[in-house]
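Okay, structure first, notes after.
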Amino acid sequence: MAAPAADRGPSQGSAASALISRLLRLPLFYKILIANGVLFVLGAGVGIALAVHMAAAGLGSIGVVVLFAVTGVALSLVVNAVILRLALRPLELQEETALRVREGDWTARVPDSALADRDLNRLTQLFNDMLDDVSVYRGRLRDVAARALRAEEDERKRISRELHDDTAQVLTALLIRLRLAERTDSLSRLRGMLAEMRDDLTDAVDGVRRLAAGLRPPALDELGLAAAIEKYAEDACRSHDVDLDVDLAALRQRFSPDVELALYRIAQEALSNAARHSGATRVSVHAASGGGELTLVVDDDGCGFDVAAKSEEARGLGITGMMERASYMGATVMIESTIGEGTRVRAIIPVAPGAT
7 MAAPAADRGP
17 SQGSAASALI
27 SRLLRLPLFY
37 KILIANGVLF
47 VLGAGVGIAL
57 AVHMAAAGLG
67 SIGVVVLFAV
77 TGVALSLVVN
87 AVILRLALRP
97 LELQEETALR
107 VREGDWTARV
117 PDSALADRDL
127 NRLTQLFNDM
137 LDDVSVYRGR
147 LRDVAARALR
157 AEEDERKRIS
167 RELHDDTAQV
177 LTALLIRLRL
187 AERTDSLSRL
197 RGMLAEMRDD
207 LTDAVDGVRR
217 LAAGLRPPAL
227 DELGLAAAIE
237 KYAEDACRSH
247 DVDLDVDLAA
257 LRQRFSPDVE
267 LALYRIAQEA
277 LSNAARHSGA
287 TRVSVHAASG
297 GGELTLVVDD
307 DGCGFDVAAK
317 SEEARGLGIT
327 GMMERASYMG
337 ATVMIESTIG
347 EGTRVRAIIP
357 VAPGAT
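For what it's worth, our numbering labels the leading residue of the sequence shown as 7, then goes sequentially.
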């Protein structure tokens, strides 16, 4: 008979452990309720038994009753304090993790606790998921910031190269010709040199204007968003022999500078990709307004690409920057593309009432 008893020992121990684990994972309300209920039942039972015993023995000492009451209250407080401390430990772990994150430790996560109930486990998981999302977003911000810095340096190099190779060269040549003109005695030759210098100076001015327009299109400030997008679309499509269809009547009015700049840059990137890189023969640009939103759609019939398979790095800074710019304005950019059938870029940007 000893063997069966030995066999029952481990099973009873595991059952007790499972019961304790299940009790520890009860919600905080039920932990406190059950603890107070158990204490009340035990206190009432002991009190009744003691009162019966004292009555049978003829004892009625008030001091004994008071001592019993004080002991019961103290025991109740101690047990409740221990239970609350154990039950609130998962919340303390979350607070400690939050403090570590605030101090800069973005790798901190709330550890699992055997004392947590189902609700606290969900809260812990939600807290850790939120920290994971913040870490991913911080990584994206660092990546975008690094790309933006590289793009800024590339743009500075381009401007420096154009100023050096174009404008500076023309101005240097003009300076040399002016010195030669000072030394000439022939009036006809002087007039010819002045005509050449005038043409070169005109070319230099046009180059500076093109450079300035590339940085900030004058039409955006002078004529408005629709005219600026039309001008850029016409230039981009003409230089790559692409047919253009434009309908931007919804953008004829003026909007806030932030909205206009965001939509212009989004259209600029979408049109640049469509005209230069897609191999398209036709590009259309359409706009619509309504419901407090502006919608801009750029379609092309180019080669298209697999949006899902194309990594963020492969998309380049242009598309990533376009989406980031839209997100800063509370807008959304959706890219739909099918290989061999073209690409559609749709930008939706909210416009507050009275913002025009």
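Using N, Cα and C, we set each Cβ at its ideal position, and we do this for glycine too.
By the Cβ criterion, the segment 330–347 is in contact with the segment 256–268, since at least three pairs of Cβ atoms, one from each stretch, lie closer than 8 Å. Between the beta-carbon of V303 and that of R260 there is about 21 Å, and that puts the pair past the 8 Å contact cut.
In this structure, the beta-carbon distance from C243 to A281 falls below 8 Å.
For T173, there is no enclosing alpha helix (DSSP H), as DSSP gives it neither H nor E. When the beta-carbon positions are compared, V176 and D206 come within less than 8 Å of each other. Boundaries of the alpha helix (DSSP H) around T208: L193 to L221. R115 and T103 have their C-alpha atoms some 6 Å from each other.
Rounded to the nearest angstrom, the gap between the Cα atoms of E202 and L196 is 10 Å. Burial is judged here by how many other beta carbons sit within 10 angstroms of a residue's own beta carbon; G348 has at least 16 and is buried.
Following the DSSP letters along the chain, one finds L302 inside the beta strand (DSSP E) bounded by residues E299 to D306.
Annotation for A239: no beta strand (DSSP E) segment contains it, though the alpha helix (DSSP H) segment containing it runs L231 to S245. When DSSP reads this structure, E98 sits in no beta bridge, so it has no partner.
Residue pairing by DSSP leaves V44 without any beta bridge partner.
Restricting attention to beta strand (DSSP E) runs no shorter than 3 residues, the segment 335–359 encloses them at 338–344 and 348–356, ordered along the chain. Taking the Cβ atoms as the reference, A239 lies roughly 5 Å from V291, within the contact range of under 8 Å. Per DSSP, the unbroken alpha helix (DSSP H) holding S278 starts and ends at P263 to S278.
Close CB contacts of L300 within its chain, under the 6 Å cut and outside five residues either way in sequence, are with I355 and V357 (chain order). Between V107 and the set V84, I89, M136 and V85, the nearest pair of CA atoms involves M136. Counting along the chain, A120 sits inside no beta strand (DSSP E), nor does DSSP assign it H or E at all. By the Cβ neighbour-count rule, T130 is buried, with 16 or more other Cβ atoms within 10 Å of its own. In the displayed model, R31 falls within coil according to three-state DSSP, outside both helix and strand.
Secondary structure of A294 (DSSP, three-state): strand. Counting along the chain, L226 sits inside the alpha helix (DSSP H) bounded by residues P224 to E228.
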